[in-house]
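Visitor: Mapped onto the numbering used here, the consecutive letters of the sequence shown carry residue numbers 60 to 366.
Here it is, the structure, as structure tokens.
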Amino acid sequence: MSAGGGKKAILAALTANMGIAIAKFIGAAITGSASMLAEGVHSVADTGNQGLLLLGQKRAEREADEKHPFGYGRNRYFYSFVVALVLFSLGALFSVYEGVHKVQHPEDLTSPMVAIVILVIAIGLETFSFITAIRESNPLRGNASWWRFIRTSRSPELPVVLLEDAGALLGLIFALTAVLLTMLTGDPIWDGIGTLCIGALLGTIAIVLIIEMKSLLIGEGATPDQDRAIRENLVDGTRIDRIIHLRTEYLGPEELLIAAKVAIVPGLDISDIAAAIDDAESRVRTAVPAAKLMYIEPDLYRVESMM
Numbered sequence: 060m061s062a063g064g065g066k067k068a069i070l071a072a073l074t075a076n077m078g079i080a081i082a083k084f085i086g087a088a089i090t091g092s093a094s095m096l097a098e099g100v101h102s103v104a105d106t107g108n109q110g111l112l113l114l115g116q117k118r119a120e121r122e123a124d125e126k127h128p129f130g131y132g133r134n135r136y137f138y139s140f141v142v143a144l145v146l147f148s149l150g151a152l153f154s155v156y157e158g159v160h161k162v163q164h165p166e167d168l169t170s171p172m173v174a175i176v177i178l179v180i181a182i183g184l185e186t187f188s189f190i191t192a193i194r195e196s197n198p199l200r201g202n203a204s205w206w207r208f209i210r211t212s213r214s215p216e217l218p219v220v221l222l223e224d225a226g227a228l229l230g231l232i233f234a235l236t237a238v239l240l241t242m243l244t245g246d247p248i249w250d251g252i253g254t255l256c257i258g259a260l261l262g263t264i265a266i267v268l269i270i271e272m273k274s275l276l277i278g279e280g281a282t283p284d285q286d287r288a289i290r291e292n293l294v295d296g297t298r299i300d301r302i303i304h305l306r307t308e309y310l311g312p313e314e315l316l317i318a319a320k321v322a323i324v325p326g327l328d329i330s331d332i333a334a335a336i337d338d339a340e341s342r343v344r345t346a347v348p349a350a351k352l353m354y355i356e357p358d359l360y361r362v363e364s365m366m
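This is the structure in structure tokens:
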């Protein structure tokens, strides 16, 4: 995923969430709905999260220096991890707290139709943001399922935006259902129950993101497809006949480090070995464009080399 592609989805989500947050707070003030208030806080958290994702992309563009010789690409992983923490603390915990309070002390809604109108508009805006994220991710997802794409993507922004937007849409449906049930039954406890459902939803999404972003931040290797392509292209069968060791790690969403020890066919002179390694690097970079840094060590295959 290019930074530009992810940025389009982030900006769409940022614009939608800013407008939605203002509308939700106005609706919460008019109606006294706890689920509307929880959704307002949720939208504020999402707006801040989009800002953090943009900041992470900007910080990741810094050139490598003496202190960080491999660059700053992991800033995108760090800020995505912070996004997950914000979603959990500011979004989920506040919603659960407010939901418990409203269940214990139900309060009648005033002008519930205002809340319904605002929620319907918000659903429309969130749908626009969600569709944008889907369109941006489709070329990268290929034939993989959405869950597999989220679990295996080495670019953090689109999985974050996809899960946030999906959670926002479900949260709005929960809030709309809670307001409608409160109107139909005359029992304001449904508003509190809806708020608790929103909190549980946000907590689940946040935990998934925390697990995935932590894994990326610590360091993940090439995907199975990339690993297979690297192995196939390192070996040419005439000068390099096998891989002795191979290690890969993403230094950033678009920068894969490859370190390999390869077995050279005996009898080659130094110029042939150098040419074999250069050709191997070219083949791998063609097959796996993210392979920006490669360190290939030539050796002779020995049984002890595998130990």
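No residue lacks a Cβ here, since even glycine has one placed at the ideal position from N, Cα and C.
Output yes or no for whether 8 Å exceeds the beta carbon distance between Met272 and Tyr131.
Guide: As a position in the sequence shown, residue 272 is number 213, starting the count at 1. As a position in the sequence shown, residue 131 is number 72, starting the count at 1. Result no, Cβ atoms of Met272 and Tyr131 do not sit closer than 8 Å.
Visitor: What does the Cβ neighbour count give for Tyr354, buried or exposed, with the cut at 16 atoms within 10 Å?
Guide: Here residue 354 is taken as the residue at index 295 of the sequence shown, counted from 1. Exposed.
Visitor: Just to confirm the assignment: which complete alpha helix (DSSP H) runs, minimum length 4, are found wholly within the segment 201-253?
Guide: Here the runs fully enclosed are 205-211 and 216-244.
Visitor: Tell me the rounded alpha-carbon separation between Arg344 and Leu113.
Guide: The count along the sequence shown starts at 1 and reaches residue 344 at position 285. The count along the sequence shown starts at 1 and reaches residue 113 at position 54. When rounded, the distance between both Cα atoms is 28 Å.
Visitor: Is Ala322 near Ile303, with beta carbons less than 8 Å apart?
Guide: As a working note, residue 322 is residue 263 in the sequence shown. As a working note, residue 303 is residue 244 in the sequence shown. Result yes, Cβ atoms of Ala322 and Ile303 sit closer than 8 Å.
Visitor: Tell me, which residues are paired with Lys320 by DSSP?
Guide: Counting from 1 along the sequence shown, the entry for residue 320 is found at position 261. According to DSSP, which records beta bridges pairwise, Lys320 is partnered with His304 and Glu356.
Visitor: For the alpha helix (DSSP H) containing Phe147, list its first residue and its last residue.
Guide: In the sequence shown, counting from the first residue as 1, residue 147 sits at position 88. Looking at the DSSP string, Phe147 is not in any alpha helix (DSSP H), and its letter there is neither H nor E.
Visitor: Taking all protein chains shown into account, do 16 or more other C-beta atoms lie within 10 angstroms of the C-beta of Ile190, making it buried, or fewer, making it exposed?
Guide: Numbered from its first residue, the sequence shown carries residue 190 at position 131. That one is exposed.
Visitor: Please name the residue or residues paired with Tyr309 in a DSSP beta bridge.
Guide: As a working mapping, residue 309 is identified with position 250 in the sequence shown. DSSP lists Leu315 as partners of Tyr309.
Visitor: Between which residues of its own chain and Leu111 is the CB-CB distance below 6 Å, once the five residues before and five after are set aside?
Guide: Here residue 111 corresponds to residue number 52 of the sequence shown, with the count starting at 1. Around Leu111: Tyr138, Val141 and Val142.
Visitor: Mapping DSSP to helix, strand and coil, what is Ile79?
Guide: As a first step, residue 79 is located in the sequence shown; it is residue number 20 there, counting from the start. Three-state DSSP puts Ile79 in a helix.
Visitor: Just reading off the alpha helix (DSSP H) that Asp284 is part of, what are its end residues?
Guide: Locating residue 284 in the sequence shown gives position 225, counting from the first residue. Pro283 to Leu293 is the extent of the alpha helix (DSSP H) around Asp284.
Visitor: Locate the alpha helix (DSSP H) running through His160, then write down its first and last residues.
Guide: On the sequence shown, position 101 is the one that residue 160 refers to. Residues Phe153 to Gln163.
Visitor: Assess, as a yes-or-no matter, whether the segment 203-215 is touched by the segment 80-88 under the definition of 3 or more beta carbon pairs within less than 8 Å.
Guide: The segment 80-88 is not in contact with the segment 203-215.
Visitor: Just how far apart, CA to CA, sit Ile270 and Asp331?
Guide: By one-based count along the sequence shown, residue 270 stands at place 211. By one-based count along the sequence shown, residue 331 stands at place 272. One C-alpha to the other measures close to 46 Å.
Visitor: Going by DSSP, name the residue or residues bridged to Ile299.
Guide: Translated into the one-based positions of the sequence shown, residue 299 becomes position 240. Ile299 is bridged to Ile323.
Visitor: Suppose you measure from the CA of Ala225 to the CA of Val219; what does that come to, to the nearest Å?
Guide: On the sequence shown, position 166 is the one that residue 225 refers to. On the sequence shown, position 160 is the one that residue 219 refers to. Looking at the two C-alpha atoms, the distance is approximately 10 Å.
Visitor: Less than 7 Å between C-beta atoms, sequence neighbours within five positions excluded: which residues of the same chain meet that for Glu98?
Guide: Stepping through the sequence shown from its first residue, residue 98 is reached at position 39. Result list for Glu98: Lys83, Gly230, Leu231, Ala234 and Ile257, in chain order.
Visitor: How about the segment 272-289 and the segment 151-167: do they share at least three Cβ pairs that are nearer than 8 Å?
Guide: Judged by Cβ distances under 8 Å, the segment 272-289 makes no contact with the segment 151-167, as fewer than three pairs qualify.
Visitor: Please work out which residues of its chain come closer than 8 Å, Cβ to Cβ, to Arg290, disregarding the five sequence neighbours upstream and downstream, and give them in chain order.
Guide: Here the question's residue 290 lines up with position 231 in the sequence shown. Cβ within range, chain order: Ile302 and Leu305.
Visitor: Report the three-state DSSP secondary structure of Tyr136 (helix, strand or coil).
Guide: On the sequence shown, position 77 is the one that residue 136 refers to. Tyr136: helix per DSSP, three-state reduction.
Visitor: Using 8 Å as the cut-off, can you tell me whether the segment 197-206 makes contact with the segment 161-170, which would need three or more C-beta pairs spanning the two stretches below that distance?
Guide: No: fewer than three Cβ pairs fall under 8 Å.
Visitor: Using the C-alpha atoms, what's the distance from Ala259 back to Lys100?
Guide: Position 41 of the sequence shown holds residue 100. Position 200 of the sequence shown holds residue 259. Checking the displayed sequence, the identity of residue 100 turns out to be Val instead of Lys. Taking the straight line joining both Cα atoms gives about 14 Å.
Visitor: For Leu144, which residues in the same chain have their Cβ closer than 8 Å to its Cβ, ignoring the five residues on either side in sequence?
Guide: Numbered from its first residue, the sequence shown carries residue 144 at position 85. Counting only Cβ-Cβ distances below 8 Å, and skipping sequence neighbours, we find Ala265 and Ile269.
Visitor: Taking C-alpha atoms, which residue in Thr307, Asp105, Leu276 and Ala339 lies nearest to Asp295?
Guide: If you number the sequence shown from 1, residue 295 lands on position 236. Minimum Cα distance to Asp295 is reached at Ala339.
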